[in-house]
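Residue numbers (the working numbering), protein chains in the order written: chain A, 1 to 488; chain B, 489 to 582; chain C, 583 to 1057.
Idealized CB from N, CA, C, for every residue including glycine.
Note that this is a predicted model, so its numbers are computed, not measured.
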Amino acid sequence: MELRELTALELGAAIKRGEVSVKEAARAALDAIAARDGALNAFITVTGERALERADKLQPGARDAQSPLYGVPMALKDNICTKGVRTTCASKILGEFAPPYSAAAADALEGAGAVSLGKLNMDEFAMGSTSETSFYGPVRNPWDLSRVPGGSSGGAAAAVAAGMGWYAVGSDTGGSIRQPAAHCGVTGMKPTYGAVSRYGLIAYASSLDQIGPLCRDAADCAAVLDALMGRDPRDATSLDGGYGRLLEGLTGDIRGMRVGLPAECFGEGLDGEVRAAVLRAAGVLKGRGAQVVELSFPVLEYAVPAYYIIAAAEASSNLSRFDGVKYGWRAERYDGLTDLYRKTRTQGFGAEVKRRILLGAFVLSAGYYDAYYKKALQVKAVIKGAFDEAFRQCDLLLAPVAPTTAPRLGGSLSDPLKMYLSDIYTVPVNLAGLPALSMPCGFDGKGLPIGGQLIGPHFGEGRLLNAAHAFQMDTDYHKRAPEGGNLV
Amino acid sequence: MIDVKLVDYLAGLSRLELREGEKQAMTAGLEQIVAYMDVLNKLDTAGVEPMSHVFPVKNVLREDEAAPSQDRGELLAGSPAGDTEAFLVPQAVE
Amino acid sequence: MTWETVIGLETHVELATRTKIFCSCTTEFGGEPNTRCCPVCTGMPGTLPVLNKRVLEFAVKAGLALNCEITRYSRFDRKNYFYPDLPKAYQISQLYLPIAREGTVSIRTQAGDKTIRIHELHMEEDAGKLVHDPWTGQTRCDYNRCGVPLIEIVTEPDFRTADEVIAYLEKLKETLQYLGVSDCKMQEGSLRCDVNLSVRPLGGGALGTRTETKNLNSFKAIARAIDYEARRQVELIGEGKRVVQETRRWDENKDATYAMRSKEDAQDYRYFPEPDIPPIELSQDYLDGLRGAQPELAEAKRERYRAHYGLPEYDCRMITSDKALAAFFEGLVALGAPPKQSANWIMGEVLGALSARGMEPKDMRLTPPTLARLIERVGAGTVNRNTAVKVFEAVFDADGDVDAYVREHGLEQVNDNSLVRDAAARALEANPQSAADYKGGKEKALGFLVGQVMRELKGRADPQAVNAALRELLG
């Protein structure tokens, strides 16, 4: 059996049946990391020994395991705290920070029998769309090493695409799960805001951040979400969505489901091959009995500015705690308290993080709050209202994830505004707190994966996953894997 | 609207230092981004209640029941400058 | 020119909850540095605040007691600034929608009655403590106090004198203690006060530039700082200089205020709604419930004691000066003890015993039934007043049994008239000179003779009865 070709659920079943040991699975993943991660740089920290020890510990319980993911090797984005394991947010400023606690999500997966392989590379503090802003170096796209994997959960998407683990858990503030999933040809989901506890997720923008899975297919996403979701008393914004078991809802029956195509998401700025692939996806869904509805989402153009105002404002506050006093890295030379703060933060943060901190300080500062921050919160309300209206006309929306396939390394950071604008199809979802997923729906002429985005109403995870599952029953884009990457 | 003086002020608030060259580039970058954000002014939001929380969730409270605190050694273990009892900073008390 | 001082107060009060406002660490005062901390209150990355139910309840109770409008839809905001006592580099507070607004507090000073307007009352978290270590030149950060719940009560600039300020603070303290929402101990920092002060020519007009004075640790310090700061501002203006809007610190040793190094960004806190805490929406039922459960406050008690029990103003004030003391008084009266006698016992023996032991009334073990029994026996004449004081001392610490003590120590009042008469006769026989003096017109001699009889009867006789017996025998 070629383990790499199995989904997480298939591997979990094989482990339960005793056909594969937990350790064999962990070894296979660690071998893949050893073979490929030198080129990809998807991991910041590999915890190989821990993983093997954990595998030994789990093995006796395999046969009677309740969790379908028992014994399955995976990895966490490095902004999810793991007790005793370095958690860096891909920043210099966190240094060797080893939290004295684990994130709720990490605990939940441990409870589901996960074997963690380590911590995944990302854009520094999840700020970026390319995974190039990491202090630990850029992540490369397994489909083409000259290209970025998308971001900010680029390490997570690259790891899953390259077979370095069967699933990964990332975070999505403005598209950080969906966009790298699209660029790397994996299935990734951002759940409803509050569906997964944020306790222990190092905050970028608290009102937008949400943890979610990156997997081989929709069924794996459902299984991971079944383990992750639920109300957590440590996160006051977490909710009980009353989901039941998502995995059991994957019937593939989407007859009568109304799939809305927002006209504005297929207009100017969208790459022709991406447009064609997403429209073909609509056809596939139609072929399975869905109804395709065209509708309008007139406020799309306001989403990016509103998003960047809110995200930067919250980030400027959230990142103030990194000051060289309590944890992480401290500048070596400084003169007095204020200088300690300045030197530590100036040397500890990268350029994109600084840009967003300054932008956030600006939109909140005296005299500008009403014109920018308050205005953005009003726009957020308008966008939420536009989605409410859209979901009166359809059950879910189908849109592109990103305007293009994965760009080349080094091409994005020099023009931050252009990079921000590429988030246009993903950020509205975060502003409205909605669930959305990205599924592979084709390849462009260069052989790069294209992602299609399904967006649902609050707590609509089951509907989204079932639609993606139906799509994946009739297509095989999600089953294709990069062949070692195109070396340049 | 964004000029070097304002960027200096924001950097001060944020406890960041920008070198001269950096400062010019940052000013230009922020200027461009903020100018773009002005597109929001096209949207009439008069009378729209600013939405700070996207869900109508409210009154999430915990009981006033004590739980053990964290071991001090664990809390201080990651401190870049501390001893076994406290975090240390340069003189901060007037 | 005559000047008028205009003062507004910002008072921070630590709430008497068991745990911190956003985490489950204890709020107990003291403790080794950083032992009452967790990842939440030390601002570790990824941790989140969850509001303590009782903090909300206490804040609403305080708002109601200060006659405030309670904000039905309220929220928390972040106040951003860098300082090592604030590990998140923002304080979770309330700017836009404070829990209570527009209240009033009525005060009484020698100058008369006055109403002070409350601008707002909001919830927030306390910061940590910084201790400078002169040996190493470093400042040590102790986060035990981080996250202790506070309410900040902001008045309008309605005060004109230090007397009014003190009267307000005393009233505030009394009210909050009665509510049970704070112990208001200034020495432990659970009540802290910042004074905003400006001066202007008497007769009104626009407010002058104000200063804010901090580090006021006692009522005395507040009064002195107000006097100092008003004088300083008047002198500045007299010299043709301007008052600078700034934060000043009271130096207890120098009896003066001095300007604090201005925090660079003190004016720009970049407040915004706290995304980690969902809003608070209070139902009518919730408010009605708390309103209905509000305890009777000191002022109402004083009024009732005057009206129902006929107690003098002084007694009413003394007894209501402490909630536990008032409860003790009401316990006595409920058991049938006469109000005035109860008041006398409390103001005399009870307060004396407490002060001799350095105790607070709430920590007293003596219960109303015990003292009520003692008062009853004095009233019934089975223990005399002097003996009763001894019994009181004996039973005070462990709430002992009055009857058992009296019995075991043979302290019952001698009410047998023949015994008293015999003792009186013996005293006259033993002290003929005194008897003669009395007969010769020296009233004082009788006192000596009464003392002799009481001594013989081990103090158990009723002094009135002894007096009468002696007079009778002396003809």
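Inter-residue spacing [alpha-carbon to alpha-carbon] between residue i and residue j
i: Met525(B); j: Ala306(A); result: 8 Å
i: Ala682(C); j: Leu872(C); result: 14 Å
i: Ala470(A); j: Pro435(A); result: 18 Å
i: Gly244(A); j: Glu19(A); result: 30 Å
i: Pro407(A); j: Ala34(A); result: 26 Å
i: Arg36(A); j: Gly517(B); result: 36 Å
i: Pro877(C); j: Tyr760(C); result: 7 Å
i: Asn726(C); j: Ser412(A); result: 46 Å
i: Glu551(B); j: Thr624(C); result: 20 Å
i: Lys92(A); j: Leu454(A); result: 36 Å
i: Leu1055(C); j: Ala1007(C); result: 7 Å
i: Leu52(A); j: Ile490(B); result: 54 Å
i: Leu936(C); j: Glu592(C); result: 33 Å
i: Ile603(C); j: Leu703(C); result: 16 Å
i: Val1035(C); j: Glu994(C); result: 16 Å
i: Arg63(A); j: Met164(A); result: 24 Å
i: Leu421(A); j: Pro100(A); result: 38 Å
i: Arg1042(C); j: Asp998(C); result: 11 Å
i: Ala890(C); j: Gly685(C); result: Before going further, note that residue 890(C) is His rather than Ala in the sequence given. Approximately 29 Å, taken between the alpha carbons.
i: Ala523(B); j: Leu145(A); result: 35 Å
i: Pro739(C); j: Glu332(A); result: 48 Å
i: Met473(A); j: Leu295(A); result: 27 Å
Within 8 Å, strictly: CB atoms of residue i and residue j
i: Tyr672(C); j: Ser365(A); result: no
i: Leu464(A); j: Ala223(A); result: no
i: Ala749(C); j: Asp809(C); result: no
i: Gly185(A); j: Trp143(A); result: yes
i: Phe640(C); j: Thr599(C); result: yes
i: Val577(B); j: Thr721(C); result: yes
i: Ile310(A); j: Ser238(A); result: no
i: Asn505(A); j: Thr192(A); result: Outside the displayed span of chain A (1 to 488) sits residue 505(A), for which this structure offers no information.
i: Glu273(A); j: Ile424(A); result: no
i: Asp209(A); j: Ser171(A); result: yes
i: Met539(B); j: Lys380(A); result: yes
i: Val595(C); j: Ser772(C); result: yes
i: Pro400(A); j: Cys215(A); result: no
i: Val735(C); j: Ile689(C); result: According to the sequence displayed, residue 735(C) carries Ile and not Val. Result no, Cβ atoms of Ile735(C) and Ile689(C) do not sit closer than 8 Å.
Reduced DSSP category for residue i - H, G, I as helix; E, B as strand; rest coil
i: Met929(C); result: helix
i: Ala644(C); result: helix
i: Val489(A); result: As shown, chain A starts at 1 and ends at 488. That puts residue 489(A) outside it, with no answer to give.
i: Ile859(C); result: coil
i: Glu846(C); result: Residue placement at Glu846(C) is flagged as unreliable, the pLDDT there being 48, under the threshold of 50; the coordinate-derived value follows with that caveat. Of the three classes helix, strand and coil, the one that applies to Glu846(C) here is coil, per DSSP.
i: Leu397(A); result: strand
i: Thr793(C); result: strand
i: Cys605(C); result: coil
i: Glu881(C); result: helix
i: Glu706(C); result: strand
Contact with chain F by residue i, beta-carbon distance below 8 Å
i: Arg560(B); result: Here the protein chains are A, B and C, and chain F is not one of them.
Bridge partners - residue i, DSSP secondary structure assignment
i: Glu314(A); result: In the DSSP output, where bridge partners are listed per residue, Glu314(A) has none listed.
i: Arg660(C); result: Ile674(C), Phe854(C)
i: Ile698(C); result: Val687(C)
i: Asn466(A); result: In the DSSP output, where bridge partners are listed per residue, Asn466(A) has none listed.
i: Cys775(C); result: Thr593(C), Leu798(C)
heavy atom of the ligand FMN below 7 Å from residue i C-beta
i: Gly1022(C); result: Of ligands this structure carries none, so the ligand FMN is not represented either.
- prompt: the segment 652 to 682 of chain C: which residues have C-beta closer than 8 Å to a C-beta of chain A, in chain order?
  reply: Those residues of the segment 652 to 682 of chain C that come within reach of chain A (Cβ to Cβ, closer than 8 Å) are Arg660, Asn662, Phe664, Pro666, Pro669, Lys670, Ala671, Tyr672.
task: Residues of the segment 81 to 105 of chain A with a CB closer than 8 Å to any CB of chain C: list them in chain order, please.
output: Residues of the segment 81 to 105 of chain A whose Cβ lies closer than 8 Å to any Cβ of chain C, in chain order: Cys81, Thr87, Cys89, Leu94, Phe97, Pro99, Pro100, Tyr101, Ala103.
message: Taking beta-carbon pairs under 8 Å, can you tell me which members of the segment 308 to 319 of chain A lie near chain C?
response: Residues of the segment 308 to 319 of chain A with a C-beta less than 8 Å from any C-beta of chain C: Ala313, Glu314, Ser316, Ser317, listed in chain order.
- prompt: What are the residues of the segment 705 to 725 of chain C that lie near chain A, defined by any Cβ-Cβ distance shorter than 9 Å?
  reply: Of all residues in the segment 705 to 725 of chain C, Thr721, Cys723, Tyr725 have a Cβ within less than 9 Å of some Cβ in chain A.
message: What are the residues in the segment 615 to 646 of chain C lying within 7 Å of chain B by C-beta distance?
response: Contact residues of the segment 615 to 646 of chain C toward chain B are Pro615, Asn616, Thr617, Arg618, Cys619, Cys620, Pro621, Thr624, Val632, Leu633, Asn634, Lys635, Arg636, Leu638 (C-beta to C-beta distance below 7 Å).
- prompt: Using a beta-carbon distance cut-off of less than 7 Å, what residues from the segment 525 to 553 of chain B approach chain C?
  reply: Those residues of the segment 525 to 553 of chain B that come within reach of chain C (Cβ to Cβ, closer than 7 Å) are Ser540, His541, Val545, Lys546, Asn547, Val548, Leu549, Arg550, Glu551, Asp552, Glu553.
query: What residues from the segment 233 to 244 of chain A come within 8 Å of chain C, judged by C-beta to C-beta, listed N to C?
result: Answer in chain order: Pro233, Arg234, Asp235, Ala236, Thr237.
field: Members of the segment 592 to 613 of chain C near chain B, C-beta cut-off 7 Å
entry: Listed in sequence order: Thr599, Arg600, Thr601, Ser606, Cys607, Thr608.
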